[in-house]
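According to my numbering, the sequence shown is numbered sequentially starting from 64. Virtual Cβ for every residue (Gly too), placed ideally from N, Cα, C. The block underneath contains the structure these notes are about, expressed in structure tokens.
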Amino acid sequence: MNTKKSITKLALAVTLVCAAFGTSSAQAATDAEIVTAIDKSLAYLHAQQQAGGNWSYWGGTYDDAATGAAAYAMLTQKSHWGSNAAAYQADVDKAIRFLLNNALGATVSTRNDAVNICPGGGSCAAAYWYGNGESSYTTGLIAPAIALYAAGNPAGVSSATSGPLVGKTWGDIAQSINNTWAASQSTANQGALIGGWRYGLNDGYDSDMSTTQWGIISLAYDKTLGASQPAILNTDLAKWLAFAQDPTSGAGCYQGPGSGLCDHADTGGLLVGLGLIGKPVSDGAVQKALSFVNSNWRDAGSGWYGNFGHPYAMWSIYKGLETNIGLTDTATITNLRPGDCGGDRGTDCNWWQDYNEWLVSNQRTDGSWAGADYWTDPLATAFYLPILGGTVIPDGGDTPEPGTLALLAGALLGMRSLRRKGNTRS
Numbered sequence: 064m065n066t067k068k069s070i071t072k073l074a075l076a077v078t079l080v081c082a083a084f085g086t087s088s089a090q091a092a093t094d095a096e097i098v099t100a101i102d103k104s105l106a107y108l109h110a111q112q113q114a115g116g117n118w119s120y121w122g123g124t125y126d127d128a129a130t131g132a133a134a135y136a137m138l139t140q141k142s143h144w145g146s147n148a149a150a151y152q153a154d155v156d157k158a159i160r161f162l163l164n165n166a167l168g169a170t171v172s173t174r175n176d177a178v179n180i181c182p183g184g185g186s187c188a189a190a191y192w193y194g195n196g197e198s199s200y201t202t203g204l205i206a207p208a209i210a211l212y213a214a215g216n217p218a219g220v221s222s223a224t225s226g227p228l229v230g231k232t233w234g235d236i237a238q239s240i241n242n243t244w245a246a247s248q249s250t251a252n253q254g255a256l257i258g259g260w261r262y263g264l265n266d267g268y269d270s271d272m273s274t275t276q277w278g279i280i281s282l283a284y285d286k287t288l289g290a291s292q293p294a295i296l297n298t299d300l301a302k303w304l305a306f307a308q309d310p311t312s313g314a315g316c317y318q319g320p321g322s323g324l325c326d327h328a329d330t331g332g333l334l335v336g337l338g339l340i341g342k343p344v345s346d347g348a349v350q351k352a353l354s355f356v357n358s359n360w361r362d363a364g365s366g367w368y369g370n371f372g373h374p375y376a377m378w379s380i381y382k383g384l385e386t387n388i389g390l391t392d393t394a395t396i397t398n399l400r401p402g403d404c405g406g407d408r409g410t411d412c413n414w415w416q417d418y419n420e421w422l423v424s425n426q427r428t429d430g431s432w433a434g435a436d437y438w439t440d441p442l443a444t445a446f447y448l449p450i451l452g453g454t455v456i457p458d459g460g461d462t463p464e465p466g467t468l469a470l471l472a473g474a475l476l477g478m479r480s481l482r483r484k485g486n487t488r489s
């Protein structure tokens, strides 16, 4: 289990609430600036939602993915809804219903190596989203939104009105998503590509690090609703992560170092995956990946590569760092951008504050961010907003007791709100 997240979530939530009343957390961009940026971004996403509950992306080609990302982003910032709470709740209600009704279902039993993946054996239900043939990305963006929406209520019946998820509980849906990932995982039949996933779920076997990270994040979030997975999944995932990491630079690579595509986004996904399989921060693979991120921290986004200005990479790296070193660490990522996070906080500058400074400085007046290449708006805004809000990512290391996840979220959000009120630019 990742040592950062090994504390019981309930105890951590209570601790954070208490700490909020007695300490002040320094940040790069001022607290008022961050709150304003979050509020503007929420208002922007609200305005961009379509009447059917979806957010449109690439001419409607990837609406499911964009809707999952946008709903998730809004849910992570629920403490900032304020007087808009009713309108924003209606937004996510419509979005989740849209997604549930667009789900595809199947019955699965084994992987392509004949290993049964169903809890209790036999056959089991699977659920996923097609996403114009890129079901791994799409399902991976939707599962976290559903998990946050249903937090603390796995036995509740979903709001689906059509399709295979009608009458299913939130816990059933999370398990069905996990079953899809387990049944679609590449096996020894794929040689060196064992343990990962690629574009299509339920229709073939292949692996790359970019798409594999969405299986990883889905599994972590589904577990918060009580979903399980076969032990062999992590065993084989560990093999994939070892293959995907460059042994010299420590970077995560698209299809291993031989692919020649070793970049920030894949390294962030690698870090999240290492946490899921229980590697501590002291593990050699984790340390190498963190070293790559530190050495290449300042890189600007360009195509598949880079960090700042690359929505996909920044969100991936954020998840990898948050799950391994947390938001307050100052010792691991030291190669920060020139200017000491804008000069607002002196020696208090750290990696998350460096991100915050960039996000506040580069947000457009309408509350969105420009994005780049394949990751334009509204997806760019949906990736950036959870970073700015300091979203806590589950690492899959434990299953919260009923209500614990909701309490944790409330504690964290309350802590941020209280701390921001006491901070001013120095």
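query: Meets three-Cβ-pair contact criterion under 8 Å: the stretch 368-383 and the stretch 324-331; result: yes
query: Cut-off 6 Å between Cβ atoms - residues of its own chain near Asp461, not counting five sequence neighbours on either side; result: Confidence at Asp461 is low in this model, with a pLDDT of 48, below 50, so the placement of that residue is unreliable and no value is reported for it.
query: According to DSSP, residues forming a beta bridge with Cys404; result: Its beta-bridge partners do not exist; DSSP assigns none.
query: Beta-carbon proximity check, Pro492 vs Ala443, cutoff 7 Å; result: The structure shown does not extend to residue 492, since the chain is modelled only from 64 to 489, so the question has no answer here.
query: 4 or more residues per run - each alpha helix (DSSP H) lying fully within the stretch 211-286; result: 233-247, 272-286
query: Run of the beta strand (DSSP E) containing Ala190, from where it starts to where it stops; result: 187-191
query: Arg174 burial status per 10 Å Cβ neighbour count (16 or more: buried); result: buried
query: CB of Ile101 within 7 Å of CB of Leu451, strictly; result: yes
query: Cutoff 6 Å; reference Gly85; Cβ partners in own chain excluding five residues on either side; result: Its pLDDT being 32, under 50, Gly85 is placed unreliably in this model, and the value from its coordinates should be taken loosely. Nothing meets the Cβ criterion.
query: Delimiting residues of the beta strand (DSSP E) encompassing Gly168; result: 167-171
query: Assigned secondary structure, Asn179 (DSSP; H/G/I helix, E/B strand, else coil); result: strand
query: Three-state secondary structure assigned by DSSP to Gly315; result: strand
query: Coarse secondary structure for Gln111, derived from DSSP in three states; result: helix
query: Beta-carbon proximity check, His302 vs Gly338, cutoff 7 Å; result: Here the sequence assigns Lys to residue 302, which means His is not the residue at that position. No, they are not a contact pair.
query: Secondary structure of Ser198, DSSP reduced to three states; result: helix
query: Straight-line gap, Ser281 to Leu353 (C-alpha atoms, nearest Å); result: 22 Å
query: Run of the alpha helix (DSSP H) containing Ala352, from where it starts to where it stops; result: 347-358
query: Gly313 beta carbon less than 7 Å from that of Ala307; result: no
query: Ala435, DSSP secondary structure in three states; result: strand
query: Rounded straight-line distance, which links the Cα of Ala110 to that of Trp233; result: 28 Å
query: heavy atom of the ligand GDP below 6 Å from Asn419 C-beta; result: Within the structure as shown, the ligand GDP is missing, as the structure has no ligands at all.
query: Identity of the residues DSSP links to Tyr368 by a beta bridge; result: Ser365
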